Structure formats: C-alpha cells, structure tokens
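Beneath this line is the structure, given in structure tokens, with notes to follow.
Chains as they are written, first to last, in this note's numbering: chain P, 22 to 128; chain W, 7 to 129.
Below, the structure is given as structure tokens:
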C-alpha cells in the first residue's frame with residue numbers, strides 16, 4: 022500500500038494567515054492526489070482534486086500543488102470556517118489511502 | 007441535489023456480522039460511471055477506504071479486509087450495502103459512504119459524502 026504522510030499533524034494559526042499543509046507519498050503517485058476537509062461534526066467535503074483542481078464551490082483561497090511524491094495544500098488567508106481537519110488521499114493505486122490528517126487550530 | 011445517508015446497528019458484539027446501508031438520492035447507480043464507496047474512521051484517527059461498487063456491479067475491496075467484506079447494491083440502484091464479518095473492537099468506527107466522481111480520465115475523487123454512522127463493537 023502507498024503510505025501518505027501529512028505534516029504537520031496540527032497547526033495553530035491566526036485569522037488571515039497563509040498556511041501550507043504537506044503530504045508525502047511513499048512512492049510517486051503521478052499527481053493522483055486529492056484533498057478533503059472535515060469539520061468537527063464529521064462533515065467531509067472535497068477541496069482539491071488531481072493535485073491542483075479546485076472543486077466547484079470551494080473558495081479560491083484554497084490551492085494545491087505538487088508532483089512525484091510531494092504535494093501541498095495552501096490556504097492563502099485563513100477564514101474562521103477553515104479551522105478543521107484536512108486529509109490528502111492518493112488514487113494512483115489500490116487500495117486508495119489517506120494521510121493521517123492535519124488539524125488546523127486557531128492560535 | 008445529491009445526498010447520501012448511512013444506517014447501521016449502532017452497537018454489536020464481537021464475532022458478529024456488521025450490516026450497513028447507504029441510501030442515496032440525486033443520482034442512480036445504474037448510470038454509467040457511477041461508483042459508491044465505503045470509508046471508515048476510528049475515533050480520532052484517519053480515514054480508511056474499504057470497498058466500492060460501480061454501476062456495472064463490479065466490486066472493489068481493500069485487500070487488507072477483503073476476506074471479511076461484501077459490498078452489494080439493490081435492484082433499484084438507490085442503496086448500497088456493506089457487510090463485515092467477524093467484527094472485533096478494531097472495527098469500532100464511523101462508517102461513511104461516498105460517491106466517487108470522475109473528471110476526464112485522470113480525476114477521481116469523492117465528491118459527496120454521507121454524514122457517517124457510528125458503530126461500536128463491544129461485548
């Protein structure tokens with residue numbers, strides 16, 4: 022299985038701050054990488070698909086980049102609703118696997 | 007409007023079979039390209055993809071759990087089921103169903119998720 026390692030596991034940040042979450046795959050995944058947001062009530066929604074494509078309805082402050090084994094999610098200016106858990110997910114090979122998650126917390 | 011909702015027993019004893027139902031609306035699993043997956047999340051932990059079934063009835067399983075999993079769908083193509091045999095405490099988790107969508111030939115992602123159903127395995 023491809024292991025997905027997210028860093029950091031938690032990140033205190035302030036409103037308006039720019040933050041970047043990293044995701045490293047145990048082998049190259051050819052940009053087959055998605056990002057999801059999970060709110061405290063458990064609701065999960067997609068943010069970015071295929072490394073850098075913004076899901077419809079997601080604010081443009083979210084962006085994704087990367088290649089090979091290293092990928093990142095950037096939020097350009099944090100809004101109150103962005104404090105949540107974030108997960109990366111690879112679909113290069115089965116079984117599809119998720120990163121361990123990054124908890125974005127209000128500083 | 008696409009919605010999915012999971013249902014399950016809430017609690018069951020070790021060694022029993024867990025049966026889960028995903029009821030959805032806003033799309034039909036008979037439509038070419040449609041796929042519904044099951045994903046679970048133990049409390050405080052990450053997500054684990056379990057299984058999927060597509061519009062053609064093809065089934066896909068996480069190899070680590072394949073021997074215990076069975077995914078199926080109903081004939082009306084509005085429900086998907088998951089059975090997990092011989093459960094133990096490690097199967098305690100919130101179980102989600104999600105629709106997989108495709109954009110072109112390179113993009114596959116879960117675009118709609120249910121709210122999740124919590125399952126506790128305990129004697």
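All C-beta atoms in this analysis are idealised placements derived from N, C-alpha and C, irrespective of residue type, glycine included.
The model shown is predicted, which means the values in this text are computed figures rather than measured ones.
| query | result |
| --- | --- |
| With 16 other Cβ atoms within 10 Å as the buried cut-off, status of residue 127 of chain P | exposed |
| Burial state of residue 53 of chain W, where buried means 16 or more other Cβ atoms lie within 10 Å | buried |
| Distance CB(residue 60 of chain W)-CB(residue 86 of chain W) smaller than 7 Å | no |
| Option in W:10, W:15, W:7, W:65 with minimal Cα separation from residue 126 of chain W | W:15 |
| Proximal chain W residues relative to residue 104 of chain P, where beta-carbon distance stays under 9 Å | The premise fails here: residue 104 of chain P is roughly 17 Å from chain W at the closest Cβ pair, so nothing lies under 9 Å. |
| Near the ligand NAD: residue 121 of chain W beta-carbon under 6 Å from a heavy atom | What this structure holds is no ligand at all, so the ligand NAD is not there to describe. |
| Cross-chain neighbours of residue 64 of chain P in chain W, by beta carbon under 8 Å | 119, 121 |
| Pairwise C-alpha distance: residue 38 of chain P and residue 53 of chain P | 28 Å |
| Of the listed residues W:121, W:129, W:128, W:117, nearest to residue 55 of chain P (C-alpha basis) | W:117 |
| Chain P within 7 Å of residue 29 of chain W, Cβ atoms only | no |
| Where residue 57 of chain W sits in the DSSP three-state scheme | strand |
| Below-7 Å beta-carbon distance, residue 70 of chain P vs any chain W residue | yes |
| Among W:114, W:89, W:103, W:34, nearest to residue 76 of chain P - alpha-carbon criterion | W:114 |
| Check whether residue 79 of chain W and residue 23 of chain W have beta carbons under 7 Å apart | no |
| is_contact[residue 166 of chain W, chain P] using C-beta, thresh 7 Å | The displayed coordinates of chain W run from 7 to 129. Any statement about residue 166 of chain W would go beyond what the structure contains. |
| Cβ-based burial, residue 25 of chain P [other Cβ within 10 Å; buried from 16] | buried |
| Residue 116 of chain W: contacting residues in chain P (beta-carbon distance under 7 Å) | 67 |
| Nearest candidate by alpha-carbon position, reference residue 96 of chain P, set P:109, P:88, P:86, P:82 | P:82 |
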